[in-house]
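Report on the structure given below.
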Amino acid sequence: MCIALATSALAQSNNEVVTAVYEGTLGSQRIGMTLIVKDGQLIPDSHYFYNKHLTDIPLTGTAGRSLTLKEPGGGTFTLHFEGNGSNGNAPLAFENSIGLSGSWTGPDSKTYPVALAGGGGPGPAAPPDTRRYQDVTDKSDTAFEAQAQGFYKAVLTGDRAAAARYVSFPLRVNFSPTRHVQIKTPTELNAQWSKIFNAAWLKKAADAAPHDMPVIRGQAMLGNGLAFFGSSGAEVINAGS
Numbered sequence: 271m272c273i274a275l276a277t278s279a280l281a282q283s284n285n286e287v288v289t290a291v292y293e294g295t296l297g298s299q300r301i302g303m304t305l306i307v308k309d310g311q312l313i314p315d316s317h318y319f320y321n322k323h324l325t326d327i328p329l330t331g332t333a334g335r336s337l338t339l340k341e342p343g344g345g346t347f348t349l350h351f352e353g354n355g356s357n358g359n360a361p362l363a364f365e366n367s368i369g370l371s372g373s374w375t376g377p378d379s380k381t382y383p384v385a386l387a388g389g390g391g392p393g394p395a396a397p398p399d400t401r402r403y404q405d406v407t408d409k410s411d412t413a414f415e416a417q418a419q420g421f422y423k424a425v426l427t428g429d430r431a432a433a434a435r436y437v438s439f440p441l442r443v444n445f446s447p448t449r450h451v452q453i454k455t456p457t458e459l460n461a462q463w464s465k466i467f468n469a470a471w472l473k474k475a476a477d478a479a480p481h482d483m484p485v486i487r488g489q490a491m492l493g494n495g496l497a498f499f500g501s502s503g504a505e506v507i508n509a510g511s
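The sequence shown runs 271 to 511 under our numbering.
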């Protein structure tokens, strides 16, 4: 029995990885980054992307007290953890830091500053072929994100008719913790458009990315709660975010 338990615990430990998610800037450009680390080495599915492209760029490398991350085109990230003092005397790591900072050097040797917020921690490795949005939809991750990206692009460009096609009505719009409305039709959405997608919301949305979105209670979240998507489209907008 003890041997069986020890073997099980070892297997669980061997299957454990650190997953960390970040967003921030590389030079003047917004980027997102997902790192999956086992035994100090990045493993497949580690990547970063530029918000304006939303195309994953694979990363390999090492992650210890500092991180050296390489991309196929020759670019290299040299990063270290950033903390807020809450770690005390413990060395900074993925689980007790608030982000990463450092630089990215391109194949032409030009260097740009990098500042990323986020973090992560240990957990079991996801089984092969696990879909990011499997708790939201039966659609492929690519198809689901295409839907969210269609909504995002339509809203930022002011295309009201196109945005409505990516909404799962009725759409809940939260203006405050105590005030919300249910938008039942595209006509109602058009009438309330400027109140829902106000200047403050649009400014925050411009820094968000409808890609690698976290899943919370069965919905995919854009930015820090700006919008939530279900299988059929946008379901919730937090207009007061």
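The beta-carbon is built from N, C-alpha and C at its ideal position, and this holds for glycine as well. Owing to the predicted nature of the structure, the values given are computational and were not obtained by experimental measurement.
Alpha carbon to alpha carbon, how far is residue i from residue j?
{"i": "Thr295", "j": "Leu305", "result": "16 Å"}
{"i": "Thr448", "j": "Ile466", "result": "16 Å"}
{"i": "Ser373", "j": "Ala504", "result": "36 Å"}
{"i": "Gly353", "j": "Asp326", "result": "27 Å"}
{"i": "Val287", "j": "Ser438", "result": "36 Å"}
{"i": "Phe499", "j": "Leu324", "result": "18 Å"}
{"i": "Phe414", "j": "Asn359", "result": "43 Å"}
{"i": "Ala363", "j": "Arg335", "result": "7 Å"}
{"i": "Gly345", "j": "Val451", "result": "47 Å"}
{"i": "Gly488", "j": "Arg401", "result": "13 Å"}
{"i": "Thr289", "j": "His317", "result": "12 Å"}
{"i": "Arg430", "j": "Ala478", "result": "20 Å"}
{"i": "Thr427", "j": "Asn285", "result": "44 Å"}
{"i": "Glu458", "j": "Asp482", "result": "30 Å"}
{"i": "Ile223", "j": "Phe319", "result": "This structure cannot speak to residue 223, because the chain is shown only from 271 to 511."}
{"i": "Val443", "j": "Lys473", "result": "18 Å"}
{"i": "Leu280", "j": "Ala395", "result": "Confidence is the limiting factor: at Leu280 the pLDDT is only 34, short of 50, which leaves the residue's position unreliable, though a coordinate-based value still follows. Their backbone Cα atoms lie some 14 Å apart in a straight line."}
{"i": "Pro397", "j": "Ser464", "result": "43 Å"}
{"i": "Lys308", "j": "Asn357", "result": "22 Å"}
{"i": "Pro513", "j": "Ile453", "result": "Not covered by the structure: residue 513. The range shown for the chain is 271 to 511."}
{"i": "Gly393", "j": "Glu365", "result": "11 Å"}
{"i": "Pro456", "j": "Asn468", "result": "18 Å"}
{"i": "Thr330", "j": "Pro484", "result": "23 Å"}
{"i": "Thr375", "j": "Phe351", "result": "18 Å"}
{"i": "Glu341", "j": "Tyr382", "result": "15 Å"}
{"i": "Asn460", "j": "Leu337", "result": "47 Å"}
Is the distance from the Cβ of residue i to the Cβ of residue j below 8 Å?
{"i": "Val384", "j": "Phe347", "result": "yes"}
{"i": "Pro480", "j": "Gln419", "result": "yes"}
{"i": "Ser406", "j": "Ala490", "result": "According to the sequence shown, residue 406 is Val rather than Ser. Yes, Cβ-Cβ distance for Val406 and Ala490 is below 8 Å."}
{"i": "Asp411", "j": "Tyr403", "result": "yes"}
{"i": "Asn321", "j": "Gly302", "result": "yes"}
{"i": "Thr332", "j": "Gly355", "result": "no"}
{"i": "Gly343", "j": "Pro314", "result": "no"}
{"i": "Leu339", "j": "Leu312", "result": "yes"}
{"i": "Gln417", "j": "Tyr436", "result": "yes"}
{"i": "Lys409", "j": "Ser501", "result": "yes"}
Assign residue i to buried or exposed, taking buried as 16 or more other Cβ atoms, counted over all protein chains shown, within 10 Å of its Cβ.
{"i": "Gly493", "result": "buried"}
{"i": "Ile486", "result": "exposed"}
{"i": "Ala509", "result": "buried"}
{"i": "Ala475", "result": "buried"}
{"i": "Met271", "result": "Below a pLDDT of 50, predicted positions are generally treated as unreliable, and Met271, at 41, falls in that range; the measurement from the model is reported next regardless. Exposed, since its Cβ has fewer than 16 Cβ neighbours within 10 Å."}
{"i": "Gln299", "result": "exposed"}
{"i": "Asp399", "result": "exposed"}
{"i": "Leu370", "result": "buried"}
{"i": "Leu496", "result": "buried"}
Using 8 Å for Cβ pairs, my map puts residue i next to residue j. What's the rounded Cβ distance?
{"i": "Ile368", "j": "Gly389", "result": "6 Å"}
{"i": "Val425", "j": "Ala433", "result": "5 Å"}
{"i": "Leu386", "j": "Tyr292", "result": "4 Å"}
Q: Mind listing, in chain order, the continuous beta strand (DSSP E) runs of no fewer than 3 residues lying wholly within the segment 402-446?
A: 437-446
Q: Go through the segment 443-479 residue by residue and report every complete run of the alpha helix (DSSP H) that reaches 4 residues or more, in order.
A: 456-466 and 469-476
Q) Whole alpha helix (DSSP H) runs in the segment 343-376 with 4 or more residues, listed along the chain? A) none
(Q) Which runs of the beta strand (DSSP E) at least 3 residues long sit entirely within the segment 277-325? Give them in chain order. (A) 286-296, 299-308 and 317-320
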